[in-house]
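In what follows, a structure is listed as structure tokens, so that the remarks can point back to it.
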Amino acid sequence: MIDHLTIDGLTFSLRLSPRRRTIGITVRHDGGLEVAAPAGCRRRHIESAVRGKLPWVRRKQAEIASRPSPPPRLWVNGETLPYLGTPYPLCFVADGGTPVRLRGGRFLMEPAAAADGRRHMIDWYAAHAGPLLARRVDRFAATVGASPASIAVKDLGRRWGTCHADGRLRFHWQIVLFPRPVLDYIVVHELAHLRELNHSRSFWGHVEAALPDYRERKAWLRHESGPFTL
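For the sequence shown, the working numbering gives the first residue as -18, with consecutive numbering after it.
What follows is the structure in structure tokens.
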């Protein structure tokens, strides 16, 4: 179940799970706040744990707020759009094709699609994310020692990926904008949650077994992902 918790003016989404053994606090990439706790954990214990981490939470939010915002998209010829970390120039071509396609090192878009360019690009990214993520999940499932019941691509809002107690994995379409090593880190992160629905030492051990350099990938996601957006 998901509830909310407000402490010292900060509101956290609160998720209780029977699979959790510890209380974990997450500052999302947009500054949003989450607390995950074991089902049955007393609310006062959760509040106490959160209060003890408030200085850290405020520092993280300040770091995020200080990052420059990417410039707005103009949807004009020559504007670049990323895919797997590589920027591709946008070119408007009226040839009766699909609204968006990646061809010859360029994103080609029908001129009529420009008025709703963002939606058409999201559709393209989401369509290509599904097969790609299925392959990457298959690539790392044996190493992590866990296979999902299903995977899906969604607009997850403030999260890059989610793992559900019933084994479902969900990924944000936006992660296919990131370099492949970072996408792989997100995949492994969620696969590891099938083993440990927390961020314990054991959880990070599963991540490190699959990606010994996960710390560098995690740091990129935290500090460099801002411009990789629509």
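Cβ coordinates follow ideal geometry from the N, Cα and C atoms, glycine included.
is_contact[residue i, chain B] using C-beta, thresh 9 Å
i      : result
Trp201 : The chain inventory of the structure shown lacks chain B, comprising one protein chain alone.
Contacts around residue i, its chain only, beta-carbon distance under 7 Å, and the 5 residues preceding and following it disregarded
i      : result
Ala130 : Asp147, Gly148 and Arg149
Arg117 : Leu164, Asp165 and Val168
Val38  : Leu(-9), Ile6, Val8 and Leu14
Arg198 : Pro162, Val163, Tyr166 and Leu192
Thr3   : Asn179 and Ser181
Arg40  : none
Asn58  : Leu71, Cys72 and Phe73
Leu83  : Tyr64 and Tyr69
Arg140 : Arg9 and His153
Identified DSSP bridge partners for residue i
i        : result
Ala133   : Arg151
Met90    : Phe73 and Val81
Thr3     : Partner(s): none; Thr3 has no beta bridge.
His(-15) : Ser(-6)
Gly142   : Phe152
Thr67    : Tyr64
Pro19    : Ser(-2)
Contact under 9 Å by Cβ, residue i with residue j
i        : j      : result
Val157   : Ala110 : yes
Arg9     : Glu15  : yes
Phe(-7)  : Val31  : yes
Gly212   : Ile167 : No answer is possible for residue 212: it lies beyond the span of the chain, which begins at -18 and ends at 211.
Gly86    : Tyr106 : no
Phe152   : Leu114 : yes
Pro80    : Asp104 : yes
Trp56    : Arg99  : yes
Gly215   : Ala46  : Outside the shown range of the chain, which is -18 to 211, sits residue 215, and nothing can be said about it.
Ile(-12) : Glu28  : yes
Met102   : Leu65  : no
Close Cβ partners of residue i (< 6 Å) along its chain, the five nearest in sequence each way excluded
i      : result
Thr7   : Glu15
Trp201 : Val163
Lys34  : Ile6
His213 : No answer is possible for residue 213: it lies beyond the span of the chain, which begins at -18 and ends at 211.
Contacts around residue i, its chain only, beta-carbon distance under 8 Å, and the 5 residues preceding and following it disregarded
i        : result
His(-15) : Thr(-8), Phe(-7), Ser(-6) and Leu(-5)
Ser183   : Arg176 and Glu177
Glu60    : Arg54, Pro70 and Leu71
With a cut-off of 8 Å, do at least 3 Cβ pairs link the region 184 to 198 to the region 80 to 94?
no
Three CB pairs or more closer than 8 Å across the region 160 to 172 and the region 70 to 78:
no
For the structure I just gave you, are there three or more beta carbon pairs, one from the region 17 to 25 and one from the region -17 to 3, closer than 8 Å?
yes
Are there three or more Cβ pairs, one per stretch, closer than 8 Å when the region 173 to 184 is compared with the region 42 to 52?
no
For the region 26 to 54, list the alpha helix (DSSP H) runs that are entirely contained and at least 4 residues long, ordered along the chain.
35 to 47
Taking contact to mean 3 or more Cβ pairs, one atom from each stretch, closer than 8 Å, check whether the region 198 to 211 and the region 160 to 167 are in contact.
yes
List in chain order: all unbroken alpha helix (DSSP H) runs of 4+ residues lying wholly within the region 151 to 211.
161 to 176, 182 to 191 and 195 to 204
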